[in-house]
Each structure stands twice: as C-alpha cells, then as structure tokens.
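What follows is a set of notes on a single structure, which appears directly below.
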Amino acid sequence: ELVDTQLTEVAVREGIVRYIIEVLKHLPEGLVVGFQEPGGPAGSCGAGPMGPGGSWNFQTSYWVWGFPEGANHQVFDAFKRLFDGWGWSYRYNGTERGRRTVYGRTSTNEKFAYYVSVSTYAHGGVTMEWTSPYYPAEYADTETTGMRMPSVITKDGIQSWKPPVYPGRT
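In terms of our numbering, the sequence shown opens at residue 978 and continues consecutively.
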C-alpha cells in the first residue's frame, strides 16, 4: 500500500517544515529557506491527486539563501554531506550545465518517507524541493486560502507567512 491512510495534508505540511528546520540546524549558520530570495523568482507549493486511487501528495519548492556570493557549491556540498551522513541520499547528478542535484529520501526504514532534492544552478542559486507521502483524498485541505506553507524558515523555526512579492503585481 503506497498511501498512508493516517496522514492529512495539514500533517504533511507540518512534517516538511519540521524536516527543513532540522536540516538547517546541521548546516552553516545564516541559511534561510523561503519562497523568494531577495530580488529573485518565487518558489511554489501545491497539492493534488497524484497517487494511487486518487490519493494526494503535497509538493513545495523553496530557495535557499544567506550564504556569501559564489558559495553555492559549498552550501550544496554541506547538504549532500548531511544527507549522505543521515543515509537519505539515493541519487546524485553531477554538474550538468552548472546544475548539481542530490536526491534524498527521509528514511529507508519508513514505509512512507518524504522526498527532497537540493540543486545548485550556474547563476549561483540553490533550491530545495519537497514531496510528501501520499495521503487519502478525504484528508486533502481544499479549503485553505492564501499561503499553505511558511514563506521564510530558518533553523530557529518559521519566520514569516507573508506571501512573496511578485514583480509587476500588486
């Protein structure tokens, strides 16, 4: 069975936030995970019926910032070392047009794990993308309006729910 019948969308969103905070506690000081790094494009989040029997999962993409210019590969290496050390890493793509990606699974022992990928780009950016386990459609949060995930997270927890500012929109 690929669907965790005990999970809800609210629980998976909270789970992703907990994992992000725990990861940040083990990485260099000052890193920030958020929907929109200063002056950059925005990340996103959403859910939908992507799994077996109409079950849902939740996905979110964030930018990582708070590191010196040109240090994105060092930050990426810190993520990779952490994921390797925790036994999360299951695939690594080396440099492809300036992009490196490590793919992780939160536990090889858990039946229902979260998936995470961290990528670095030629322009110096770093992203973190999360995918939740599948949960029953009846536990999908179809009533939530506005932000479903925090807009800024640090090792100290949620810093903001304020939506990102999209250039050209008011």
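Yeah, the Cβ is synthetic: ideal placement off N, Cα and C, and Gly gets one too.
Whose C-beta lies closer than 8 Å to the C-beta of G992 among residues of the same chain, with five residues either side of it excluded?
Y1091, S1109
Here's a check: name, in chain order, each residue in its chain whose Cβ is nearer than 7 Å to the Cβ of G1075, leaving out the five neighbours to either side.
Y1098, A1099
Return the bridge partner residues of W1040 from the DSSP annotation.
G1011, T1104
Buried versus exposed call for P958 [16 or more other C-beta atoms within 10 Å across all chains shown]:
As shown, the chain starts at 978 and ends at 1147. That puts residue 958 outside it, with no answer to give.
Using the beta-carbon count (16 or more within 10 Å), is R1146 buried or exposed?
Unreliable placement is indicated for R1146, whose pLDDT of 43 sits below 50; no coordinate value is reported for it.
Based on Cα-Cα distance, which residue from S1038, D1054, T1078 lies nearest to S1128?
S1038
Outcome for Q1013 when other beta-carbon atoms lying within 10 angstroms are tallied against a minimum of 16:
buried
Straight-line Cα distance separating G1047 from T1131
21 Å
Member of P1045, A988, V1093 whose CA lies at the smallest distance from the CA of G1102
P1045
Quick check: what's the CA-CA separation for I997 versus S1032?
24 Å
What is the rounded straight-line gap between the Cα of G1007 and the Cα of G1030?
42 Å
Out of T1072, W1040, V1010, G1081, state which residue places its alpha-carbon closest to the alpha-carbon of L1059.
G1081
Does DSSP put G1081 in a helix, a strand or coil?
strand
CB-CB under 6 Å to S1021, same chain, minus the five flanking residues each way: which ones, in chain order?
S1038
In its own chain, which residues sit with a C-beta less than 8 Å from the C-beta of K1002, not counting the 5 before and 5 after it?
K1132
For A1117, the three-state DSSP class (helix, strand or coil)
coil
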